[in-house]
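J.: If you scroll down you'll find the structure; I have some questions about it.
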Amino acid sequence: ILLAKTFNRQPAEIARYSAENDRQIELQVRQQMSGQWFFAIVGVFMSVVPAVVYLVAAWLILHEVPVTA
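If you count by our numbering, then the sequence shown holds residues 29 to 97, one letter each, in order.
Structural data, given as structure tokens:
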């Protein structure tokens with residue numbers, strides 16, 4: 029800051045800081061949105077898995093397929 033004041037570069041530094049700040053905000057918003065989508069998909073997957081397991085088990089029982097451990 030002191031050098032910017034000394035060389036009278038405050039307007040240029042303010043503009044540079046503003047541009048970098050806007051870029052950082054955009055990146056943070058994009059990161060947050062992608063994280064929300066990821067966890068939403070994981071949540072749906074984890075909710076569907078038990079139903080699929082029960083359906084497969086029922087199908088195996090109905091078709092008398094031997095299941096061994």
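Cβ atoms here follow ideal geometry from the backbone N, Cα and C, with glycine treated the same way.
Could you spell out where the alpha helix (DSSP H) holding Ala36 opens and where it closes?
T.: Numbered from its first residue, the sequence shown carries residue 36 at position 8. At residue 36 the sequence reads Asn, which differs from the Ala that was named. Where Asn36 is concerned, there is no enclosing alpha helix (DSSP H), given that its DSSP letter is neither H nor E.
J.: Would you report the Cα separation of Arg44 and Ile69, rounded to the nearest angstrom?
T.: Locating residue 44 in the sequence shown gives position 16, counting from the first residue. Locating residue 69 in the sequence shown gives position 41, counting from the first residue. If you take the alpha carbons of Arg44 and Ile69, they lie about 38 angstroms apart.
J.: CB-CB under 8 angstroms to Gln38, same chain, minus the five flanking residues each way: which ones, in chain order?
T.: Residue mapping note: residue 38 aligns to position 10 of the sequence shown, counting from 1. Cβ neighbours of Gln38 beyond the five flanking positions: Ala32.
J.: Give me the Cα-Cα distance between Pro78 and Leu55, rounded to the nearest whole angstrom.
T.: In the sequence shown, counting from the first residue as 1, residue 78 sits at position 50. In the sequence shown, counting from the first residue as 1, residue 55 sits at position 27. Roughly 36 angstroms between the two C-alpha positions.
J.: Report the three-state DSSP secondary structure of Glu92 (helix, strand or coil).
T.: Residue mapping note: residue 92 aligns to position 64 of the sequence shown, counting from 1. DSSP places Glu92 in coil when its eight states are reduced to three.
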